[in-house]
Every structure is written in structure tokens, then in C-alpha cells.
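Trainee:
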Amino acid sequence: MKLYLDADIFLALIKENDRFKAAARSFFSKSKGHELITSTLSCLEVWFYLYKHGLQEKALDSIRAISSICSVISYDPYDLENSIVLAEHHKLSPADAIHATLAMGFDAIVSSDSSFDKLSDLKRIDFTK
0 MKLYLDADIF
10 LALIKENDRF
20 KAAARSFFSK
30 SKGHELITST
40 LSCLEVWFYL
50 YKHGLQEKAL
60 DSIRAISSIC
70 SVISYDPYDL
80 ENSIVLAEHH
90 KLSPADAIHA
100 TLAMGFDAIV
110 SSDSSFDKLS
120 DLKRIDFTK
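Numbering (numbering that gives the first Met the number 0) for the sequence shown: 0 to 128.
1) CB-CB under 8 Å to Arg24, same chain, minus the five flanking residues each way: which ones, in chain order?
2) Under 8 Å by Cβ, that's how I've got Val45 and Ile72 pegged, so tell me the actual separation to the nearest angstrom.
3) Measure the alpha-carbon distance for Ile36 versus Glu87 and round it to whole angstroms.
4) Using a threshold of 7 Å, state whether the C-beta atoms of Thr100 and Ser82 are closer than that.
5) In terms of residues, what are the limits of the beta strand (DSSP E) holding Leu43?
6) Would you say Ser41 and Ala6 are within 7 Å of each other, going by their C-beta atoms?
7) Can you list, in chain order, the residues of its chain with a C-beta nearer than 8 Å to that of Tyr74? Leave out the 5 residues immediately preceding and following it.
8) Applying the criterion that 16 or more other CB atoms from any shown protein chain within 10 Å of the CB defines a buried residue, is Leu43 buried or exposed?
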């Protein structure tokens, strides 16, 4: 399966005492044989988190680690327009709308965020379960 990974799974691994850290580790240990994809937006969200918490020195290693286990894709103006439409119709945050737009090109999105369940065209795998 081609799985798009939302930023929350990476943040669960990075945050010191995240309640989903073990679940995120378990997901990655079981993900062999699947193609893992994320986006530049996920990398940016991780980077912002580290920057905000004074952990800039971990940013480069974290982004490199993400890109070593996932293909990292970007979004274009067409994706951005589709994201705006999704945000308007489904009351998604800007980041969730972009993630959803990108994930629709794959088999599922891996995320703990139930906001993605609003989209009938998008299958969500909750890595915390």
C-alpha cells in the first residue's frame, strides 16, 4: 500500500513525553512492505515544532530521518486550490486540507486526527489504535 503520513506521527516520535510515541514506533516497525510518503508540509510542521521549543539543533537530523524513511513530496498551485475547496466544504484547518489533498492520491492517510474522517474519498489509518 502507498501510505501518506500526516505530521502527527512524526511529532509523536519527536516529542519527549508524547502519549502516542509507542504507537508511532509500533506503526513504523510494522510498515515494512508499504510505500511511505509524506510532504514538505509535514517536514515544515516538525521543524516549526522544534524551533518553537528551542530544539533547532534537532531539526536537520529530524528532517533527514523523515526523508530517509519516506518519499517527501511537495504541493503545487493546483493542490493548493483543491485544499481551499476542501477547507471550505469540510471545515478543515489549512494544514489538514493540504494533507488531505495530497493523501487522496494514495491508498490511505496515516494519522490520529479524526478530522480526516469527514472526507469519504479518503481512508484513514489511525496509528494509535
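Every residue gets a Cβ at the ideal spot worked out from N, C-alpha and C, and that includes glycine.
Mentor: Taking the definition as stated:
1) Stepping through the sequence shown from its first residue, residue 24 is reached at position 25. Only Leu12 meet the Cβ criterion.
2) Here the question's residue 45 lines up with position 46 in the sequence shown. Here the question's residue 72 lines up with position 73 in the sequence shown. Distance from Val45 to Ile72 at the Cβ level is roughly 15 Å; contact not present, criterion being Cβ atoms closer than 8 Å.
3) Sequence index remark: in the sequence shown, residue 36 carries index 37 (1-based). Sequence index remark: in the sequence shown, residue 87 carries index 88 (1-based). Whole-angstrom Cα-Cα distance: 25 Å.
4) Start at 1 with the first residue of the sequence shown, and residue 100 comes out as number 101. Start at 1 with the first residue of the sequence shown, and residue 82 comes out as number 83. The answer is yes: Cβ separation under 7 Å.
5) The count along the sequence shown starts at 1 and reaches residue 43 at position 44. Segment Thr39 to Lys51 is the alpha helix (DSSP H) holding Leu43; no beta strand (DSSP E) there.
6) By 1-based counting over the sequence shown, the position of residue 41 is 42. By 1-based counting over the sequence shown, the position of residue 6 is 7. Yes.
7) Sequence index remark: in the sequence shown, residue 74 carries index 75 (1-based). Closer than 8 Å at Cβ, skipping near neighbours: Ser38, Thr39, Leu40, Ser82, Ile97, Thr100 and Leu101.
8) Taking the sequence shown and counting its residues from 1, the one referred to as residue 43 is at position 44. With fewer than 16 Cβ atoms within 10 Å of its Cβ, Leu43 is classed as exposed.
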